[in-house]
Structures are given as structure tokens and as C-alpha cells.
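As C-alpha cells, the structure follows; a few thoughts come after it.
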Amino acid sequence: MAESNGARVALVAGGSRGIGAAVARRLAADGAAVAIGYRAASSEAEALAREIETAGGRAIAVQGDIGRDGDAAKMVEQTVARFGRLDVLVNTAGIGPYRPLASVDENFVRQMFDTNVLGAIMLTKAVAAVMREGGRIVHVSSRLAYSPIPTSTVYAASKAAVSAMVHGFARELGPQGITINAVAPGVIETDMTTKIIAERGEQIRTMTPLGRIGQPDDIAGIVAFLASDDARWITGRTILADGGLT
30 MAESNGARVA
40 LVAGGSRGIG
50 AAVARRLAAD
60 GAAVAIGYRA
70 ASSEAEALAR
80 EIETAGGRAI
90 AVQGDIGRDG
100 DAAKMVEQTV
110 ARFGRLDVLV
120 NTAGIGPYRP
130 LASVDENFVR
140 QMFDTNVLGA
150 IMLTKAVAAV
160 MREGGRIVHV
170 SSRLAYSPIP
180 TSTVYAASKA
190 AVSAMVHGFA
200 RELGPQGITI
210 NAVAPGVIET
220 DMTTKIIAER
230 GEQIRTMTPL
240 GRIGQPDDIA
250 GIVAFLASDD
260 ARWITGRTIL
270 ADGGLT
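Numbering (this note's numbering), first residue to last: 30 to 275.
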């Protein structure tokens, strides 16, 4: 049965951990009902939903692999079925393994682009179809889209496609009152970056004017802004959020 009390409703794809979980907590704290999308981490997603509800918010967990045919639409349908509407999409779902060119094969490229590009496009299509009163769409790109490092090129290319996508779709979605933007983080301390921080953490700190590694909440604050009415005049843009990395 659908719930609706006039509050905004957000779907956070990839919301069970890392940046996605920080975004889900922030949007819930800002008063939105949140659907926490997850691929396999059901226990983490359910625990986060309970945490938000215990704090007085509204949240559900919705399962889906955005790189698989039909799952993006299914997650949107489940969100609308529960909350009656959908106003905000934040897509933090993605995969990011690195390989040198000599180790790249067709399956590696397809998996990367199916999740990072195809999934982002199909989520955008699905939410645009149900955002009746305008809306906010925020995807996650990467600093590597602008400056790939060795072995990251396929991942960087997929994230460059995300930045191109938001630039292009802004023209199509603007007449519906929908803004679409991306955030391109540098290295953020999550379970996905444990290895790179262990190997290069001190180097990254010294290259960053702020002298630290980025945290999920640093990105969540930018996403919350882009999802707000204050960002109504920003669309088709990618915000580079890397702490001023040089």
C-alpha cells in the first residue's frame, strides 16, 4: 500500500554502503522518504532502513542489479508503490575494478559498461517517466573521468560516459522540470578504496590542499544540495569533488 504525506521521496541506488549509505542518511535527515537500492547487500540495506526509521524517518530496501535488464524499472516501481511518488534519484551504484590493457577482455568491458553506463541510463529513463511534478537526478561520475591513471582506463571511460549523459539528457528532461547532474569524487574512504588508500593514502593527502582523504559525508552534502530546491538552476553539470587534488 502506498504511503504519501507530501514529503519528497528519494531512491538511492547503491545505497547500502559507502557514499550511497551516507547519501541515504543525509536525505532522510533532510526529511525525505528513502528507498535504499542494493544489489546483494540485503542485510546492510535492511539495517540502514531500520536505522532511518528508528530515527523517525521513512525508509525501505529495494533489491535490484541496475546492470541487469528490467531491474532499474523494478526498483522505481517498488519505490512508487510504497511511497506514492518519486522526486529524487541518486545513483551511486557502480563497479570499479582496474585492469591493465593486456588483461582487459570483452566480458570485463561489458560488465563495467552494463552497470556504470547502461544502468545509469535505464534508471534515468525509469524515473523520468514517473516524475510528474519535476524532479532531481544525481549520478556519480569520477575524477578519473578527467585524469585516468594506469589500469583505470575502462572504468574512467565508463564514468566519462556518465558525465556526457547528464549533459545530454539535461536538454531532454528540462522541459519536464527535471534537473540532472553528476558528482565526480576523488578518492573517498570506503570499503571499495581500502587497497588504494593503503598503497597511496599518504601521497593523496599530500596532493590535497585540505590534507586528508575524502569521506562519504563530503559527497553526501553535495548530493543533498543538488537534490534540493536551491540547485534548481543547475542542470547538465558534473561537479568535481576531489578536495582540490593537484
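Even for Gly, the Cβ is constructed at its ideal location relative to N, Cα and C.
From the listed residues G230, K224, L274, E218, the smallest Cα separation to A249 is found for E218. Look at L115 here: in three-state DSSP terms it is coil, with no helix or strand label. Here the region 128 to 148 does not lie against the region 224 to 232, with fewer than 3 beta-carbon pairs under 8 angstroms apart.
Apart from the 5 residues on each side of it in sequence, M104 sits with its Cβ closer than 6 angstroms to the Cβ of G66, V91, G93 in its chain, given in chain order. Under the three-state reduction of DSSP, P214 is assigned to strand. Annotation for I166: the continuous beta strand (DSSP E) segment containing it runs 164 to 169.
Between G243 and G272 a beta carbon distance of about 6 angstroms is seen, short of the 8 angstroms cut, so the two are scored as contacting.
In the three-state reduction of the DSSP assignment, V133 falls in the coil class, being assigned neither a helical nor a strand state. The residues I207, in chain order, have a CB closer than 6 angstroms to that of M160 in the same chain once the five nearest residues on each side in sequence are set aside. At a cut-off of 4 residues, the continuous stretches assigned as alpha helix (DSSP H) that sit fully inside the region 147 to 202 are 148 to 157, 182 to 202.
Following the DSSP letters along the chain, one finds G47 inside the alpha helix (DSSP H) bounded by residues 47 to 58.
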